[in-house]
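In my numbering, the protein residues as written are 70 to 714.
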Amino acid sequence: MNNSGIFATMEYFKNLQRLLKLEREEDMRSYKSLTENTSASDRRSNGICWFPIAIRNTEIVRGDYINVELERPSNQDISHQFRFGSPVALFSNHDPFADRVDGTITFLSTTRMKVTLLTEMLPDWSKQGRLGVDLLFDNNSYLEMESALKTAEQQLQDSTSGLSPIDVLLGNKKPTFHPQAQTYVNSRLNEQQQVAVDKIVAANELAIVHGPPGTGKTTTLIHAIHALIKQQPQQILVVAPSNTAVDLLTNKLAELGLDVVRIGNPARVSEKTMSLTLDSKITNHTSFKEIKTLKKQASELKNMAHKYKRNFGRAEQEQRKALFNEAHRIMKDAGNTEQYIIDQILASANVITATLVGASHHTIRNLEFKTLVIDEAGQALEPACWIPILRAQKIILAGDHNQLPPTIKSTEAARLGLNTTLLEKCVEHHPEAVILLQEQYRMHRSIMGYSSRVFYDDKLIANALVADSLLFRGDVPLQFIDTAGCGYDDKSDGTSISNPDEAAFLFRHLSAYIREIEARYSSDNFLSIGVISPYQRQVATLRELLSGYPDLVAHAQHIAINTIDSFQGQERDIMYIGLTRSNAERNVGFLADLRRMNVAMTRARKKLVVIGDGATLSRLPFYAGFMAYAEGLEAYHSAWEFLET
């Protein structure tokens, strides 16, 4: 690379650092607005506090810190923003500003969490007042991303020759592939999936799997990973932005017989997934009993030491010091034994899985990998991707840049380019590295058709098993219902949009449809139903209205109501989408984010009903085109056809 190329690349990373700083500042402002001058109850409502909680167990851990197990009442709202690795503070409402100690979440379930507190023993105030735990601002993730960007910049500055993944990822050089005969054949893979596996095996620096909805991206990835290990024994790092995506890959890889170690806490705490975590493997190791014994001895010595008061005589002070020193020595032995176990577990693993930021976990941060797989790369913030990239020789990106983008709080950072993912850039720079998966296994061909036309150059093909599959003979798989002229005007509460009239119409239509299918499906095999709105306020409106529709209440356990983002990666037999926006100004708001609409319209397997005001929506060619598409299938209807007279 010439000097001008090096300078341009260094400036690339400096620009990413500037954008990351903007995002961090906006994130901090948002956090402060939720926490400053607010009560514990308010913070709990905002999902950043558990209160009240009870301490169920404590144990000392490495570094002379303590691990506490906390439990909250089961009747509290389960919605919160706590995650594995999040920084938190245990506090007492006796004096919440003074009586608090910081820590890090090491385990999380619906009602319980384990926190490593940065203290040797529980403070006295933990026995006073009611206890709670606050979510702190996660500056560590930003520090890890910033450090990765600076390291990437430095590596390029120090590099003199050779082709590195960084050169390829930034578009400065083309990826290379070594020619080879097909060595991994699996009857479960279709033609394009097999091509993708072969491309991944042949890649020297980069391969990209573009997986539209329902095309079996996960299946392709796990078989590609299996093929890589079969071809050349190696340890592969597999990461994704979300815990849910990591868990799915972890379980699927284990089912193939690979030795998988999950770093971090699973999103869904099942026994199956928990058994694959590093913590669980440590606990089940034959040497773990030795660690427990040592920790118990150290704890007993510390308890004895704390019985001595500081104003005792010199002999007592010396005894206290000796007890603490012996406890520290024993904990050091326990720590060495634990590190031996960790090294043994990681060394034997075929695959290590983690979130993007979780790849910086102290247990694996110094490991190097021949291959890195980043799944859901279309949702990954680019600075986070560089955390694992710098430790791998070959990068596999998988995802769909036509679905949900990463969540970015700073509109300025998004406008200046932070919302453009590394996946998008690589697809543009290196089409020769891209494999588009074309055969989808989820949707009826009519549901698939418009998305395929707009986002995938009409290349998607519906597998024969789903192409013409209906819920019952005579049913129609797609409907667009136009509410124009019905007077269903949207309403703003200052932060979000709702449309109660449209919500009521949607439920009346769904109730009538459920009555049609009740005779064909028993309660034991009833269909799964999703109801989507792009707006949080409209989701709340729909949930509030549900109780007024007996036909729906009878099947409430089969009905999920949520935003588009919450349905990413999911599917339902029946999907209703209420577009909400209806106004004289023809303002569509963030319905203009077409990638989100692509997600919404591709969640349904056999029935998709879209409800919206055609007069408002037709302002955008995308919606005008969809209405024309529906009309061509005789699937366009006016809401007046369904209104009671």
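Virtual Cβ for every residue (Gly too), placed ideally from N, Cα, C. Predicted, not measured: the structure shown is a model, and the values here were computed from it.
Straight-line gap, residue i to residue j (C-alpha atoms, nearest Å)
{"i": "E274", "j": "T180", "result": "44 Å"}
{"i": "R577", "j": "Y618", "result": "8 Å"}
{"i": "T610", "j": "I633", "result": "15 Å"}
{"i": "D402", "j": "L363", "result": "8 Å"}
{"i": "R257", "j": "T489", "result": "34 Å"}
{"i": "R113", "j": "W119", "result": "6 Å"}
{"i": "K390", "j": "F636", "result": "57 Å"}
{"i": "Q548", "j": "A684", "result": "17 Å"}
{"i": "I586", "j": "A167", "result": "60 Å"}
{"i": "S602", "j": "L648", "result": "6 Å"}
{"i": "T78", "j": "K243", "result": "15 Å"}
{"i": "D236", "j": "D559", "result": "49 Å"}
{"i": "D527", "j": "E80", "result": "38 Å"}
{"i": "P569", "j": "Y557", "result": "8 Å"}
{"i": "Y698", "j": "A708", "result": "18 Å"}
{"i": "Q249", "j": "I504", "result": "17 Å"}
{"i": "G18", "j": "A693", "result": "Examination of residue 18 is not possible in this model, given that the chain is present from 70 through 714 alone."}
{"i": "L91", "j": "P475", "result": "15 Å"}
{"i": "E640", "j": "T671", "result": "8 Å"}
{"i": "Q509", "j": "H498", "result": "26 Å"}
{"i": "F659", "j": "L596", "result": "30 Å"}
{"i": "A367", "j": "K358", "result": "14 Å"}
{"i": "M70", "j": "D227", "result": "Low confidence applies to M70: its pLDDT is 48, below 50, so where it sits in the model is not reliable, and the reading given next is rough at best. Their backbone Cα atoms lie some 12 Å apart in a straight line."}
{"i": "M373", "j": "G285", "result": "59 Å"}
{"i": "R169", "j": "V202", "result": "9 Å"}
{"i": "L621", "j": "A629", "result": "11 Å"}
{"i": "I351", "j": "T188", "result": "23 Å"}
{"i": "R87", "j": "I550", "result": "46 Å"}
{"i": "S108", "j": "I117", "result": "11 Å"}
Cβ-heavy atom distance, residue i to the ligand ZN, below 7 Å
{"i": "G285", "result": "Ligands are entirely absent from the displayed structure, and the ligand ZN is therefore not among its contents."}
Extent of the continuous beta strand (DSSP E) to which residue i belongs
{"i": "C118", "result": "C118 to V130"}
{"i": "G681", "result": "A673 to G681"}
{"i": "A158", "result": "P156 to S161"}
{"i": "E138", "result": "Y134 to E140"}
{"i": "H279", "result": "L275 to H279"}
{"i": "I298", "result": "Note, I298: premise wrong, no beta strand (DSSP E); alpha helix (DSSP H) at K286 to Q300."}
{"i": "K183", "result": "R181 to L186"}
{"i": "A629", "result": "I628 to N631"}
{"i": "H706", "result": "Y705 to S707"}
{"i": "R641", "result": "R641 to G647"}
{"i": "V330", "result": "V329 to R331"}
{"i": "A653", "result": "No beta strand (DSSP E) contains A653, which DSSP labels as neither H nor E."}
{"i": "A309", "result": "I305 to A309"}
Other residues of its chain near residue i: CB distance less than 7 Å, five sequence neighbours each side excluded
{"i": "L317", "result": "T287"}
{"i": "F206", "result": "M97 and Y100"}
{"i": "I516", "result": "P546, L547, A673 and L677"}
{"i": "A428", "result": "L306, V308, I456 and P457"}
{"i": "K321", "result": "T287 and I291"}
{"i": "V130", "result": "N136 and T185"}
Proximal residues to residue i (C-beta, below 8 Å), its chain only, five neighbours per side dropped
{"i": "S356", "result": "T406, Y409 and I410"}
{"i": "L89", "result": "Y211, M214, E215, L218, P452, A482 and L487"}
{"i": "G74", "result": "In this predicted model, G74 has a pLDDT of only 49, less than 50, meaning its place in the structure is not dependable; the value taken from the coordinates is given anyway. Same-chain partners within the cutoff: N241."}
{"i": "V270", "result": "Q249, T252, Y253, A293, A296, L297 and Q300"}
{"i": "D328", "result": "S417, A418, N419 and V420"}
Extent of the continuous alpha helix (DSSP H) to which residue i belongs
{"i": "S210", "result": "N208 to D227"}
{"i": "A272", "result": "From DSSP, A272 is part of no alpha helix (DSSP H); its letter is neither H nor E."}
{"i": "F695", "result": "P690 to G701"}
{"i": "F176", "result": "No alpha helix (DSSP H) holds F176; the beta strand (DSSP E) holding it covers R169 to L177."}
{"i": "A314", "result": "N312 to E324"}
{"i": "L663", "result": "L663 to M670"}
{"i": "V523", "result": "R514 to F524"}
{"i": "V254", "result": "Segment: none, V254 is in no alpha helix (DSSP H) and carries neither H nor E."}
Own chain residues within Cβ distance below 6 Å of residue i, not counting five before or after
{"i": "D682", "result": "T552, A553 and S651"}
{"i": "N72", "result": "Interpretation of N72 is limited by its pLDDT of 47, a score under 50 that renders its predicted location unreliable; no figure is taken from the coordinates."}
{"i": "P234", "result": "E274 and I464"}
{"i": "E710", "result": "none"}
In chain order, which alpha helix (DSSP H) runs of at least 4 residues are fully inside the region 528-606?
-> DSSP runs (the alpha helix (DSSP H)) wholly in the region 528-606: 569-587.
Are the region 157-165 and the region 428-445 touching by the rule of at least three beta carbon pairs closer than 8 Å?
-> At 8 Å Cβ cutoff, the stretches do not touch.
Hey, is the region 307-321 in contact with the region 415-432, meaning 3+ C-beta pairs nearer than 8 Å?
-> Counting Cβ pairs under 8 Å, three or more are found: they touch.
With a floor of 3 residues, list each beta strand (DSSP E) that falls wholly inside the region 400-482, ordered by position along the chain.
-> Taking 3 residues as the minimum length, the beta strand (DSSP E) runs contained wholly in the region 400-482 are 420-424, 438-443 and 461-468, in order along the chain.
Segment contact flag, the region 533-549 with the region 291-299, C-beta cutoff 8 Å, min 3 pairs = A contact between stretches requires three or more CB pairs, one per stretch, nearer than 8 Å, and the region 533-549 fails this requirement with the region 291-299.
Taking one C-beta from the region 140-159 and one from the region 122-130 each time, how about it: are there three or more such pairs within less than 8 Å?
-> Counting Cβ pairs under 8 Å, three or more are found: they touch.
Given 8 Å as the limit, is there contact between the region 332-348 and the region 455-470, that is, 3 or more CB pairs closer than that?
-> Put simply, the region 332-348 does not touch the region 455-470. Fewer than three CB pairs are less than 8 Å apart.
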